[in-house]
Amino acid sequence: MGSAAAYQLVRRGVRVLGIDRYSPPHVFGSTHGKTRIIREAYFEHPAYVPLVRRAYELWQELEKASGQELFLQTGGLMVGPPEGMLVAGARQSAISHSLPYEELSTEEVRSRFPVLHPEEGMIALLEPRAGILYPELCVETNLALAGALGADLQYGERVVSWQCGNGAVQVTTDRGRHDASHLVLAAGPWLSELADFPLPLTVERQLFHWFKPSERHGLFHPDKCPIALWEYKPDSIFATFPDLGNGVKAGIHHDGEITTPDAVRRDVSHEDDQAMRAQMRRFVPAACDRILDSRVCLYTNTPDHHFIIDRHPEHREVIIASPCSGHGFKFSSAIGEVLADLVVAGESKMDLTLFEAGRFGKRQ
Ligand SMILES: Cc1cc2nc3c(=O)[nH]c(=O)nc-3n(C[C@H](O)[C@H](O)[C@H](O)COP(=O)(O)OP(=O)(O)OC[C@H]3O[C@@H](n4cnc5c(N)ncnc54)[C@H](O)[C@@H]3O)c2cc1C
-10 MGSAAAYQLV RRGVRVLGID RYSPPHVFGS THGKTRIIRE AYFEHPAYVP LVRRAYELWQ
50 ELEKASGQEL FLQTGGLMVG PPEGMLVAGA RQSAISHSLP YEELSTEEVR SRFPVLHPEE
110 GMIALLEPRA GILYPELCVE TNLALAGALG ADLQYGERVV SWQCGNGAVQ VTTDRGRHDA
170 SHLVLAAGPW LSELADFPLP LTVERQLFHW FKPSERHGLF HPDKCPIALW EYKPDSIFAT
230 FPDLGNGVKA GIHHDGEITT PDAVRRDVSH EDDQAMRAQM RRFVPAACDR ILDSRVCLYT
290 NTPDHHFIID RHPEHREVII ASPCSGHGFK FSSAIGEVLA DLVVAGESKM DLTLFEAGRF
350 GKRQ
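Okay, so the sequence shown: first residue is -10 according to the numbering used here, each after it adds one.
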């Protein structure tokens, strides 16, 4: 989010200082693991659709500006009970925003994508525009373009505190002090430490794994195998990716222990692997035996799993961005634009009502 905001701000001629405690992209926050899903028929809420449409446009612009390939279109399957949270939610978003989609029966999924095995009683919604983004490359690209346009990017520098006064923000880091007219706080799992007002965020340890296909490797190729979300039990989802040459990636969404970025267990145990293996055995049996690699990442969750993108309640020059809850990356190109708009114009063209920081005190 910070790299996209830096690029979008410097494009507008704003003087930008970007500060990161590590050297992004890195493996300590939420933006590593080689791939992220982008999808449009958004089961979480139809209000995300305009944001993801803008994100697609901006990813394309970034590809053009950099010559990098950041997005791979694979199509996307939302698999589950016909009226479950996933399929019904995706259908509702598709209908309300006139998005193209197909509904496939269990048999149709199995015959079109033979390595994917939904169970009886499940159907799938297939959306054509879904696919994969390469998160590390996206971050690198935003930062490279921002740097080329004059952004001052400081790595290995940790923000310790900030304060506002006389219409300016003073930021204290472990290296010194910086003065600015505005501050964008996009600190991922560290945001609560820096926001300076109570945010109802919890950090969740999240795993992903790469499985070696045991047979029929070619059928996991991205030309033949879409990304898929699976509602494997009511309101519980895991995701699978095609094989990009390093195995079939899979991860269970929201299945981890609550932790902090400092205390999190960063190693993966045999027990950790078993939960994912059990779901792969059920639904993707041609890639369930050998795990090639497993990694730990962090979700920063709000209670309703919608983002926080808002101004600080007491300091209008400070903007808070927590677009995680496990599904923020795809939007980051557009969220960079939103954050830049909030700084430069004081408002965004996007409807940010769903993301207001103050909503948690109100009756939902
Ligand atoms: C396993 C996993 C799978 C996911 N899958 C998807 C997916 O398929 N599709 C999707 O759209 N989203 C997905 N997400 C969510 C998505 O990756 C996140 O929403 C997104 O990456 C969050 O980015 P961020 O910039 O908010 O946080 P981060 O990437 O963590 O960035 C925060 C940055 O702030 C810096 N920082 C923190 N504190 C300080 C400080 N005090 N001083 C200086 N710098 C500081 C950190 O070093 C870090 O670089 C997934 C997340 C995980 C963990």
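By construction, the Cβ of each residue, glycine as well, lies at the ideal position given by its N, Cα and C atoms.
Q) Rounded C-beta distance between F272 and F344? I'm assuming under 8 angstroms. A) The residue given as residue 272 occupies position 283 in the sequence shown. The residue given as residue 344 occupies position 355 in the sequence shown. Contact doesn't hold; Cβ gap of about 33 angstroms is too wide.
Q: Tell me where the alpha helix (DSSP H) around K53 begins and ends.
A: Position 64 of the sequence shown, counted from the start, is the residue given in the question as residue 53. Counting along the chain, the alpha helix (DSSP H) containing K53 begins and ends at 38 to 55.
Q.
According to DSSP, is V333 part of a helix, a strand, or is it coil?
A. Along the sequence shown, one-based indexing puts residue 333 at 344. It is helical.
Q) Sorry if obvious, but does the Cβ on G226 come closer than 7 angstroms to a heavy atom of ligand 1? A) Along the sequence shown, read from residue 1 onward, the residue named residue 226 stands at position 237. Reading off the sequence, residue 226 comes out as Ile, not Gly. I226: no, Cβ never under 7 angstroms from ligand 1.
**Q.** Other residues of its chain near L61: CB distance less than 7 angstroms, five sequence neighbours each side excluded
**A.** To locate residue 61, count along the sequence shown from 1; it is residue 72. For L61, where only same-chain residues beyond five positions count, the Cβ hits under 7 angstroms are G120, I121, P211.
Q | C214 in three-state terms, based on DSSP | A | As a position in the sequence shown, residue 214 is number 225, starting the count at 1. In the structure shown, C214 sits in coil (DSSP, three-state: anything other than H, G, I, E or B).
Q: Examine ligand 1 and report whether any of its heavy atoms sits within less than 7 angstroms of the Cβ of D256.
A: As a working mapping, residue 256 is identified with position 267 in the sequence shown. No, the beta carbon of D256 sits no closer than 7 angstroms to any heavy atom of ligand 1.
Q: Measure how close the beta-carbons of L66 and A30 come, nearest whole angstrom, since I'm counting them as under 8 angstroms.
A: On the sequence shown, position 77 is the one that residue 66 refers to. On the sequence shown, position 41 is the one that residue 30 refers to. So it is not a contact: roughly 11 angstroms between Cβ atoms.
Q.
Nearer than 7 angstroms: is that true of the beta carbon of S19 relative to any heavy atom of ligand 1?
A. Locating residue 19 in the sequence shown gives position 30, where the first residue counts as 1. Correct: S19 has its Cβ closer than 7 angstroms to ligand 1.
(Q) Quick check on DSSP: helix, strand or coil for A30? (A) Along the sequence shown, read from residue 1 onward, the residue named residue 30 stands at position 41. The answer is coil: DSSP assigns A30 none of H, G, I, E or B.
(Q) Helix, strand or coil, according to DSSP, for R352 in the structure here? (A) As a working note, residue 352 is residue 363 in the sequence shown. Here R352 scores only 46 on pLDDT, less than 50, and its place in the model should not be relied on; the value that follows carries that caveat. R352: coil per DSSP, three-state reduction.
Q. For D9, is the beta carbon positioned less than 7 angstroms from some heavy atom of ligand 1?
A. The residue you call residue 9 lines up with position 20 of the sequence shown. Flag set: Cβ of D9 near ligand 1.
**Q.** Exposure of V149, with buried meaning 16 or more beta-carbon neighbours within 10 Å
**A.** Counting from 1 along the sequence shown, the entry for residue 149 is found at position 160. Burial call: exposed.
Q. Does the Cβ-Cβ distance between R43 and E326 come in under 8 angstroms?
A. In the sequence shown, residue 43 corresponds to position 54, counting from 1. In the sequence shown, residue 326 corresponds to position 337, counting from 1. Yes, these two residues count as a Cβ contact at 8 angstroms.
Q. Using the beta-carbon count (16 or more within 10 Å), is R352 buried or exposed?
A. On the sequence shown, position 363 is the one that residue 352 refers to. Its pLDDT being 46, under 50, R352 is placed unreliably in this model, and the value from its coordinates should be taken loosely. Flag for R352 reads exposed.
Q: Ignore the nearest five residues each way along the sequence and tell me which others in P302's own chain have a CB closer than 8 angstroms to its CB.
A: Counted from its first residue, the sequence shown places residue 302 at position 313. Cβ neighbours of P302 beyond the five flanking positions: F186, A346, G347.
Q.
Please classify L47 as buried or exposed, where buried requires at least 16 neighbouring CB atoms within 10 angstroms.
A. Position 58 of the sequence shown holds residue 47. With 16 or more Cβ atoms within 10 Å of its Cβ, L47 is classed as buried.
Q) Roughly how far, in whole angstroms, is the beta-carbon of A79 from the beta-carbon of D340, given that I think they are within contact range, below 8 angstroms? A) Within the sequence shown, residue 79 is the residue found at index 90, counting from 1. Within the sequence shown, residue 340 is the residue found at index 351, counting from 1. The Cβ separation is near 20 angstroms, so there is no contact.
Q) Are A239 and H304 close, meaning C-beta to C-beta below 8 angstroms? A) Position 250 of the sequence shown, counted from the start, is the residue given in the question as residue 239. Position 315 of the sequence shown, counted from the start, is the residue given in the question as residue 304. Not closer than 8 angstroms, so no.
(Q) Check for me: the beta strand (DSSP E) holding A137 runs from which residue to which? (A) Here the question's residue 137 lines up with position 148 in the sequence shown. Looking at the DSSP string, A137 is not in any beta strand (DSSP E); the run it does join, the alpha helix (DSSP H), is 124 to 137.
Q | Beta-carbon proximity check, L93 vs A323, cutoff 8 angstroms | A | The sequence position of residue 93 within the sequence shown is 104, counting from 1. The sequence position of residue 323 within the sequence shown is 334, counting from 1. Not in contact: L93 and A323 (Cβ atoms no closer than 8 angstroms).
Q. With respect to 7 angstroms, is the separation between the Cβ of W151 and the closest non-hydrogen atom of ligand 3 below this value?
A. Questions concerning ligand 3 fall outside what the structure shown contains, since the ligands it does hold are ligand 1.
Q. Where do the ends of the beta strand (DSSP E) carrying D293 lie?
A. Residue 293 sits at position 304 when you count from the first residue of the sequence shown. Unbroken run through D293: none, as it is neither H nor E.
**Q.** Selection from N131, D262, A184, G245 that minimises the alpha carbon distance to E58
**A.** Looking up residue 58 in the sequence shown gives position 69. Taking only the C-alpha atoms, the option nearest E58 is N131.
Q: Compare the C-alpha of A184 against each of A(-6), V173, L105, P89 and name the closest.
A: On the sequence shown, position 195 is the one that residue 184 refers to. For A184, the nearest C-alpha among the options comes from V173.
Q. Hey, G7 and Q143: beta-carbon distance below 8 angstroms or not?
A. The count along the sequence shown starts at 1 and reaches residue 7 at position 18. The count along the sequence shown starts at 1 and reaches residue 143 at position 154. Going by C-beta atoms, G7 is nearer than 8 angstroms to Q143.
Q. Does DSSP put V5 in a helix, a strand or coil?
A. As a position in the sequence shown, residue 5 is number 16, starting the count at 1. DSSP places V5 in coil when its eight states are reduced to three.
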